[in-house]
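**Student:** Residue numbers (my numbering): 13 to 436. Using N, Cα and C, we set each Cβ at its ideal position, and we do this for glycine too.
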């Protein structure tokens with residue numbers, strides 16, 4: 013378990029995280045900082061980002077922890093580790109969520125609050141907070157607001173992240189700052205290039221899984237092996253292989269987090285190993301930002317390189333479900349009639365700065381259809397999040413309208429043992 017936090021101004025001289033099963037009765041164990049990063053070193057006032065790893069945690073145990081920086085102590089927070097041998101779990105799933113009213117995400121944040129007690133882990137399929145879109149709103153049209161919006165988002169979700177694992181995938185909106193204020197300052201533009209803020213603020217288990225930064229990694233929870241994929245960089249013709257989201261003209265250099273071919277090699281090795289452990293964890297769920305299918309199952313022309321890098325490996329090693337975002341609405345794709353593609357949930361409709369404009373452009377959807385290869389459902393009448401429930405026999409996703417809490421779509425995958433997977 014890792015704990016991450018931010019401090020303002022100068023880097024503290026002494027920091028530790030103290031954790032215990034009961035801080036009233038004992039001081040607890042102390043662990044030093046694993047990493048401290050400042051990604052805006054020449055701009056001043058934007059602080060440092062720190063990470064510490066809590067070791068020796070016992071299964072099925074509630075822990076209290078607090079952070080101490082130069083003698084200043086935070087209030088204690090609480091989390092609980094998973095029970096040993098646990099096979100059932102519930103995951104709160106979202107993607108493409110902005111910050112507060114400008115991000116059109118208030119309903120989804122309120123729905124998260126209502127559901128968080130029943131969730132063990134939060135899964136966020138990329139585009140976290142939309143700090144890079146802050147310039148779309150006054151007074152940020154002419155000011156540097158990237159850090160204020162990212163800080164605001166992190167504080168907004170703190171009472172979720174301080175007690176539950178919050179697992180993120182990288183999205184295109186993590187790549188850089190492309191506001192006029194950033195374009196006008198070569199120093200800020202460079203400091204916020206190549207996913208720097210995203211990789212500083214989050215601390216995913218890449219070291220433990222052979223991944224790289226927060227760009228790609230994997231982890232196990234209950235009956236599920238999660239592989240978190242990188243749909244942005246480090247494969248042939250990746251969308252941000254060489255430059256960030258603003259492209260080659262306005263964007264900064266990006267990608268190249270590992271040697272050519274290393275990411276795809278890692279992905280295959282991780283899936284291959286997970287395939288051998290189906291008896292312990294029958295489900296392999298991939299999470300990444302970009303889908304390669306349209307809402308009715310036709311291929312997306314703008315994601316062909318993503319499909320080529322991932323789809324064959326997903327099918328080869330039997331990935332059971334792909335959780336993704338990028339499209340600011342809900343799409344569910346269930347293969348039928350011998351279609352061997354991976355069932356896909358596009359859950360990019362949590363609400364973001366672009367949600368309403370996208371809906372005005374595409375129109376409003378609330379449809380269920382079927383063609384020769386897919387049973388599909390798509391929806392954008394409301395913002396949306398979801399709940400994924402896993403046991404050794406079933407994997408079930410419920411799509412939830414954020415404003416009302418109504419479940420408007422359910423996908424359940426059954427894994428009768430020892431027969432091949434069937435879908436219901």
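Using three-state DSSP, classify residue 173 as helix, strand or coil.
**Tutor:** It is helical.
**Student:** Would you kindly report the start and end of the unbroken alpha helix (DSSP H) that includes residue 284?
**Tutor:** First-last of the alpha helix (DSSP H) with residue 284: 274 to 287.
**Student:** Residue 342 and residue 391 - do their beta-carbons sit closer together than 7 Å?
**Tutor:** Yes. Within cutoff.
**Student:** Considering only their Cβ atoms, is the gap separating residue 298 from residue 1 smaller than 7 Å?
**Tutor:** Limits of the chain in this structure are 13 at one end and 436 at the other, which puts residue 1 out of reach.
**Student:** Leaving aside the five residues before and after residue 191 along the sequence, list all residues of the same chain whose C-beta is less than 8 Å from its C-beta, in chain order.
**Tutor:** Hits under 8 Å: 144, 146, 147, 152, 156, 157 and 158.
**Student:** Going by C-alpha distance, which of 344, 338, 31 and 278 is nearest residue 367?
**Tutor:** Nearest of 344, 338, 31 and 278 to residue 367, Cα basis: 338.
**Student:** Output the residue ranges of the beta strand (DSSP E) runs that lie fully inside the segment 33 to 109 and measure 3 residues or longer, sorted by chain position.
**Tutor:** Runs of the beta strand (DSSP E) inside the segment 33 to 109: 41 to 44, 47 to 49, 60 to 65, 74 to 81, 89 to 92 and 101 to 106.
**Student:** Using 8 Å for Cβ pairs, my map puts residue 176 next to residue 134. What's the rounded Cβ distance?
**Tutor:** That pair is a contact at about 6 Å.
**Student:** From residue 124 to residue 409, what does the alpha carbon distance come to, in whole angstroms?
**Tutor:** Looking at the two C-alpha atoms, the distance is approximately 15 Å.
**Student:** Would you grab the beta carbon distance between residue 215 and residue 63 for me? Rounded to a whole angstrom, and I think it's under 8 Å.
**Tutor:** Yes, residue 215 and residue 63 are in contact; Cβ-Cβ is about 4 Å, under 8 Å.
**Student:** Along the alpha helix (DSSP H) that carries residue 371, what are the first and last residues, could you check?
**Tutor:** Taken as a continuous stretch (DSSP letters only), the alpha helix (DSSP H) holding residue 371 covers 367 to 374.
**Student:** When DSSP labels each residue in this structure, what does residue 117 get in the three-state scheme?
**Tutor:** Residue 117: coil per DSSP, three-state reduction.
**Student:** Ends of the alpha helix (DSSP H) at residue 165?
**Tutor:** Taken as a continuous stretch (DSSP letters only), the alpha helix (DSSP H) holding residue 165 covers 158 to 168.
**Student:** State the Cα-Cα distance for the pair residue 254 and residue 261, rounded to the nearest angstrom.
**Tutor:** Answer to the nearest angstrom: the Cα atoms are 12 Å apart.
**Student:** Which word fits residue 150, buried or exposed, when buried means at least 16 other C-beta atoms lie within 10 angstroms of its C-beta?
**Tutor:** By the 10 Å Cβ count, residue 150 comes out exposed.
**Student:** Work out the CA separation of residue 101 and residue 422 for me, nearest whole Å.
**Tutor:** Residue 422 and residue 101: Cα-Cα distance of roughly 17 Å.
**Student:** Taking only three categories from DSSP, how would you classify residue 396?
**Tutor:** Strand.
**Student:** Our contact map puts residue 2 next to residue 246 with C-beta atoms below 8 Å; I'd like the distance itself, whole angstroms only.
**Tutor:** There is no way to answer for residue 2, as the model of the chain reaches only from 13 to 436.
**Student:** CA-CA distance, residue 179 and residue 136?
**Tutor:** Approximately 6 Å, taken between the alpha carbons.
**Student:** Do residue 59 and residue 19 have their CB atoms nearer than 7 Å?
**Tutor:** Yes, the pair counts as a contact, with Cβ atoms nearer than the cut-off.
**Student:** Under 7 Å Cβ to Cβ from residue 356, same chain only, skipping five residues before and after it: list those, please.
**Tutor:** For residue 356, where only same-chain residues beyond five positions count, the Cβ hits under 7 Å are 303, 305, 334, 336 and 345.
**Student:** Using DSSP's beta-bridge definition, name the partner residues of residue 412.
**Tutor:** 397 and 419, per the DSSP bridge assignment.
**Student:** Tell me whether residue 349 is buried or exposed, calling it buried when 16 or more other Cβ atoms sit within 10 Å of its Cβ.
**Tutor:** Under this definition residue 349 is an exposed residue.
**Student:** Can you tell me whether residue 96 is buried or exposed? The criterion is at least 16 other CB atoms within 10 Å of its CB, across all chains shown.
**Tutor:** Exposed, by the Cβ-count rule.
**Student:** Drop a sphere of 10 angstroms on the beta-carbon of residue 375, count the other beta-carbons inside from all chains shown, and report buried for 16 or more, exposed for fewer.
**Tutor:** Answer is exposed; the Cβ neighbour count stays below 16.
**Student:** What are the uninterrupted segments assigned as alpha helix (DSSP H) that are 4 or more residues long and contained completely in the segment 168 to 222, given in chain order?
**Tutor:** Fully enclosed alpha helix (DSSP H) runs of 4 or longer: 170 to 173, 192 to 196, 198 to 203, 208 to 213 and 218 to 221.
**Student:** Mapping the DSSP letters down to three states, classify residue 434 as helix, strand or coil.
**Tutor:** Because residue 434 carries a pLDDT of 46, less than 50, the predicted location of this residue cannot be relied on, and the following value inherits that uncertainty. Of the three classes helix, strand and coil, the one that applies to residue 434 here is strand, per DSSP.
**Student:** Give every residue of the same chain whose Cβ lies closer than 6 Å to the Cβ of residue 213, excluding the five residues on either side of it in the sequence, and list them in chain order.
**Tutor:** Within the same chain, residue 213 has close Cβ partners 61.
**Student:** Using a threshold of 7 Å, state whether the C-beta atoms of residue 99 and residue 371 are closer than that.
**Tutor:** No.
**Student:** How about residue 66 and residue 31: are their beta carbons less than 7 Å apart?
**Tutor:** In contact: residue 66 and residue 31 (Cβ atoms closer than 7 Å).
**Student:** Going by DSSP in three states, residue 230 sits in which element: helix, strand or coil?
**Tutor:** Reduced to three states, the DSSP call for residue 230 is strand.
**Student:** Just mark residue 251 as buried or exposed, buried being the case when its beta carbon has 16 or more other beta carbons within 10 Å.
**Tutor:** Counting Cβ neighbours within 10 Å, residue 251 comes out buried, since at least 16 surround it.
**Student:** Under 8 Å by Cβ, that's how I've got residue 116 and residue 416 pegged, so tell me the actual separation to the nearest angstrom.
**Tutor:** Incorrect: roughly 16 Å between the Cβ atoms, too far for contact.
**Student:** Just list the beta strand (DSSP E) runs in the segment 121 to 146, keeping only unbroken ones of 3 residues or longer that don't cross its boundaries, in chain order.
**Tutor:** Within the segment 121 to 146, the complete beta strand (DSSP E) runs of at least 3 residues are 133 to 136.
**Student:** Based on the DSSP output, what are the partners of residue 29 in its beta bridges?
**Tutor:** Paired residue(s): 43 and 79.
**Student:** Please report the distance separating the alpha-carbon of residue 292 from that of residue 233.
**Tutor:** If you take the alpha carbons of residue 292 and residue 233, they lie about 11 Å apart.
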